[in-house]
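Numbering (the numbering used here), first residue to last: 62 to 572.
Cβ atoms here follow ideal geometry from the backbone N, Cα and C, with glycine treated the same way.
Remember, predicted model here, so these are calculated numbers, not experimental data.
The structure appears right after this line, and notes come after that.
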């Protein structure tokens with residue numbers, strides 16, 4: 062996926078003209094020089110494109126169709142690449158790493174080039190997949206055997222060895238006349254488990270807490286912008302009306318992401334749907350992307366200079382935040398996920414205080430349900446409801462950009478925007494991080510963080526939630542099966558759908 066690093070000396074495109082970045086003036090102002098005329102311009106980051114990559118460039122591979130082996134290989138390569146990039150290792154050090162991992166150093170340079178070009182783990186996968194998901198029932202059975210053995214034997218207080226797990230898998234496969242997986246396949250699967258998960262399962266909760274629980278006090282690791290982002294959701298204290306008839310409908314769900322370092326809101330998502338992977342995924346995508354389209358949508362004057370991938374996302378312990386889809390999508394973008402332990406409310410304090418701040422302002426809007434029964438006395442929230450979800454989204458965006466971000470925050474003794482800028486450009490002798498790289502291809506990013514469904518393709522098309530979808534691109538896959546046998550199961554394909562516009566779906570074409 063194309064990305065652009067805002068660093069002096071970087072070549073860019075400005076209105077289809079080649080240019081070079083000279084100076085980062087502010088979070089929303091960059092000085093460039095046109096290469097053909099030497100004319101200087103001061104422009105916002107939104108007007109600049111990468112000179113080497115198309116915004117629509119992306120891999121043909123999707124997370125959902127990668128096998129565990131392919132994913133483990135990509136993660137393994139990413140660990141090597143990340144070590145080299147983070148530590149700016151020399152050529153000699155890279156050669157030593159190559160020798161240690163039994164690959165040629167030029168191969169590692171190719172991995173680095175791929176990762177820098179597309180900015181995600183998928184770029185390091187072993188191959189571009191051309192088949193559908195679960196082409197072989199044999200692979201699926203073996204996969205289940207591996208998962209069961211790891212869960213029941215390795216992730217157990219009896220502390221069985223990896224060799225024991227491999228032997229059990231081999232025996233089980235032979236009993237079912239299946240080809241056992243290579244021992245490295247099992248080792249890589251176990252290696253992909255988090256250290257905390259393994260320690261907790263094999264040595265107990267206390268051992269895991271002693272090693273992984275943070276020190277109480279300031280939020281651990283939130284030392285610069287986008288180092289830690291907290292996400293939480295709430296049912297908003299307001300009744301909204303429907304867009305068509307403007308009749309009272311229901312209270313919306315707000316999912317919001319806050320940068321712990323600066324207290325800046327980096328993204329949010331409004332919906333009438335219950336909290337879940339979909340809303341959380343859309344919120345994360347909105348946090349990564351620039352906010353220019355949202356500001357333009359409502360004609361809002363103001364700056365919201367937050368974009369880029371965060372180092373860590375901190376989530377509530379609720380089940381809707383624990384989906385495997387979110388875990389893989391975040392891992393693909395180099396984002397670490399941490400969950401708040403049960404009975405540790407102080408961990409989520411920053412985002413919860415933000416939601417409390419929003420609620421106080423929302424109580425001034427028509428249709429507010431307030432938070433206390435005594436405040437609702439003689440006030441009919443349903444009759445007073447007048448805002449649609451679009452109206453409320455506009456109001457919330459204006460409040461975030463032009464009020465909340467501008468006011469002094471009592472915990473940091475400055476406004477969130479000023480704190481964010483201090484982390485970007487530095488303050489009191491401390492070096493800033495610089496502007497984060499900007500990712501292009503908004504649609505791809507949003508799709509990567511959406512859950513998927515699997516459906517067979519019939520002569521009428523695809524049925525999702527009682528709605529039929531059809532396009533000629535599906536024709537060649539009608540009634541297709543997992544293999545050539547007429548008794549095999551019908552092949553399932555991957556589809557995604559944005560709940561805000563269910564008139565269209567996205568189809569992952571295996572070809």
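Using DSSP with H/G/I as helix, E/B as strand and the rest coil, what is residue i?
i: residue 203; result: helix
i: residue 259; result: helix
i: residue 158; result: helix
i: residue 250; result: helix
i: residue 497; result: coil
i: residue 166; result: helix
i: residue 308; result: coil
i: residue 568; result: strand
i: residue 484; result: helix
i: residue 75; result: strand
i: residue 184; result: helix
i: residue 556; result: strand
i: residue 278; result: With a pLDDT of 44 at residue 278, under the threshold of 50, the predicted position of this residue should be treated as unreliable, though the coordinate-derived value follows. Residue 278: coil per DSSP, three-state reduction.
Under the rule that 16 or more other beta-carbon atoms within 10 Å means buried, what is residue i, buried or exposed?
i: residue 377; result: buried
i: residue 518; result: buried
i: residue 333; result: exposed
i: residue 323; result: buried
i: residue 480; result: buried
i: residue 362; result: exposed
i: residue 149; result: exposed
i: residue 352; result: buried
i: residue 267; result: exposed
i: residue 218; result: exposed
i: residue 548; result: exposed
Determine whether the beta carbon atoms of residue i and residue j lie at a separation below 8 angstroms.
i: residue 176; j: residue 202; result: no
i: residue 538; j: residue 521; result: no
i: residue 423; j: residue 398; result: no
i: residue 93; j: residue 67; result: no
i: residue 455; j: residue 359; result: yes
i: residue 331; j: residue 497; result: no
i: residue 449; j: residue 558; result: no
i: residue 309; j: residue 297; result: no
i: residue 158; j: residue 169; result: yes
i: residue 230; j: residue 206; result: yes
i: residue 524; j: residue 536; result: no
i: residue 134; j: residue 300; result: no
i: residue 174; j: residue 166; result: no
i: residue 365; j: residue 356; result: yes
i: residue 393; j: residue 223; result: no
i: residue 14; j: residue 142; result: Outside the modelled stretch of the chain, which goes from 62 to 572, sits residue 14, for which no answer is possible.
i: residue 91; j: residue 104; result: yes
What number of angstroms, rounded off, separates the C-alpha of residue i from the C-alpha of residue j?
i: residue 260; j: residue 348; result: 32 angstroms
i: residue 262; j: residue 209; result: 14 angstroms
i: residue 74; j: residue 471; result: 41 angstroms
i: residue 421; j: residue 492; result: 36 angstroms
i: residue 386; j: residue 123; result: 12 angstroms
i: residue 486; j: residue 289; result: 18 angstroms
i: residue 344; j: residue 269; result: 30 angstroms
i: residue 530; j: residue 368; result: 34 angstroms
i: residue 320; j: residue 242; result: 43 angstroms
i: residue 254; j: residue 212; result: 11 angstroms
i: residue 80; j: residue 125; result: 38 angstroms
i: residue 457; j: residue 371; result: 23 angstroms
i: residue 440; j: residue 425; result: 12 angstroms
i: residue 452; j: residue 482; result: 30 angstroms
i: residue 447; j: residue 316; result: 22 angstroms
i: residue 626; j: residue 513; result: The shown model of the chain, from 62 to 572, leaves out residue 626, and the question about it has no answer.
Give me, in chain order, the residues of the same chain whose beta-carbon lies closer than 6 angstroms to that of residue i; leave out the 5 immediate sequence neighbours on both sides.
i: residue 507; result: 346
i: residue 390; result: 509 and 510
i: residue 463; result: 363
i: residue 153; result: none
i: residue 303; result: 310
Quick one: is residue i near chain C, going by C-beta distance under 8 angstroms?
i: residue 412; result: Absence of chain C from the displayed structure is noted, only one protein chain being present.
Please return the same chain residues whose Cβ sits closer than 8 angstroms to the Cβ of residue i, not counting the five positions on each side in sequence.
i: residue 411; result: 280, 291, 319, 321 and 324
i: residue 112; result: 72, 73, 74 and 79
i: residue 226; result: 210, 211, 214, 215, 247 and 251
i: residue 311; result: 300, 301 and 333
i: residue 473; result: 323, 324 and 480
Excluding sequence positions up to five away, which residues of its chain have a Cβ less than 7 angstroms from the Cβ of residue i?
i: residue 494; result: 285, 286, 484 and 485
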